[in-house]
Structures are given as C-alpha cells and as structure tokens.
Amino acid sequence: MTIEKRIKLQNNIYYVVIDVEYKMKNNILSLCLANAVEDYYDGGDVTRLIEKMEKDYTSEKASKYQKNIGFLQDAFYIYDRIPFLSGIKSIYQKETETLPYSQSYISKKELDNLIKQNNINMENHI
Numbered sequence: 013m014t015i016e017k018r019i020k021l022q023n024n025i026y027y028v029v030i031d032v033e034y035k036m037k038n039n040i041l042s043l044c045l046a047n048a049v050e051d052y053y054d055g056g057d058v059t060r061l062i063e064k065m066e067k068d069y070t071s072e073k074a075s076k077y078q079k080n081i082g083f084l085q086d087a088f089y090i091y092d093r094i095p096f097l098s099g100i101k102s103i104y105q106k107e108t109e110t111l112p113y114s115q116s117y118i119s120k121k122e123l124d125n126l127i128k129q130n131n132i133n134m135e136n137h138i
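What follows is the structure, given as structure tokens:
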C-alpha cells in the first residue's frame with residue numbers, strides 16, 4: 013500500500029510517496045514502513061515533519077543540493093529530510109483549470125543514483 017502526503021514548498025506542490033504495509037507486532041496488526049529496518053509508521057509524525065519542512069524551506073537551502081534544476085533541488089531537500097520515502101510526485105496545476113496540468117514522479121532509486129553520480133552531500137543518508 014502507498015500513502016501520499018502533500019508538501020507545499022513556496023508555490024510548488026509535491027506529494028511524498030511512502031510504501032507501507034500491515035504487519036503483526038506483539039499480536040497487534042500495525043501499519044509499518046515497507047522495506048525499512050526501522051519500520052514504525054505514524055501519519056501524525058510525518059505530518060508534523062512536513063509542516064516543519066514547509067516552514068523552514070528556503071530556495072537557498074534547496075540550492076545546496078543542485079543549482080540548475082528547481083525540481084531536483086526540492087526533491088533532494090525533501091529526500092534529505094524524509095529518507096524513508098519511496099518517491100516524490102510534482103503536481104502542476106494552472107489557476108484556470110480544476111485538474112492537474114502535469115505530474116512528474118521521481119523514485120527513491122533514481123534519487124539515490126543521482127546522489128551517487130553527482131556526489132551530492134545528504135545529511136541524513138550514508
């Protein structure tokens with residue numbers, strides 16, 4: 013199962029995609045992160061983390077990861093603060109339309125490859 017949480021960084025809207033699964037823990041069915049060593053998942057904790065990210069965000073902080081591509085700057089900013097995500101969606105919507113105009117998606121694997129290929133320094137990653 014996936015959960016998507018909205019993040020608004022200035023005028024840009026993103027959705028963090030998180031893979032979760034139900035597991036039995038101490039004879040209680042619990043929602044957990046899929047494919048993670050620390051598999052505890054709490055939607056309230058994630059919401060508070062996102063609210064802090066939105067409040068603390070500046071384009072200067074995001075530009076430390078990548079200088080030329082705004083989407084990647086923001087994707088790395090988000091990934092560095094939510095390392096357990098599965099991917100990030102970007103949603104663009106024109107003010108005059110009710111449906112999204114375009115959507116983009118980058119996976120955790122793609123982000124990891126770009127980090128490695130470009131020697132990007134991430135604080136919350138090995």
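Numbering-wise (our numbering), the sequence shown opens with residue 13 and increments by one.
Heads up, the beta-carbon is just placed ideally off N, CA and C, and yes, glycines get one too.
**Item:** Assigned secondary structure, Gln115 (DSSP; H/G/I helix, E/B strand, else coil)
**Value:** strand
**Prompt:** From Val149 to Leu97, what does the alpha carbon distance come to, in whole angstroms?
**Reply:** Since the displayed the chain opens at 13 and closes at 138, residue 149 lies outside it and no answer follows.
**Prompt:** What are the residues that DSSP puts in a beta bridge with Thr14?
**Reply:** Asp31
**Request:** Put Lys101 into one of helix, strand or coil per three-state DSSP.
**Result:** strand
**Message:** I need the straight-line Cα distance from Leu123 to Gln129, nearest angstrom please.
**Reply:** 10 Å
**Message:** Measuring straight from C-alpha to C-alpha, what distance separates Glu107 and Ile81?
**Reply:** 23 Å
**Request:** Name the two residues that bound the continuous beta strand (DSSP E) containing Ile40.
**Result:** 40 to 45
**Item:** 7 Å Cβ shell around Leu43 - same chain, five flanking residues per side excluded
**Value:** Val32, Tyr34, Tyr53
**Message:** According to DSSP, simplified to helix, strand and coil, what is Tyr69?
**Reply:** coil
**Item:** Buried or exposed by the 16-neighbour rule on C-beta atoms within 10 Å, applied to Gln85
**Value:** buried
**Request:** Counting only the same chain and skipping the five closest in sequence on each side, list residues whose C-beta sits under 8 Å from that of Glu66.
**Result:** Ile19, Lys20, Leu21
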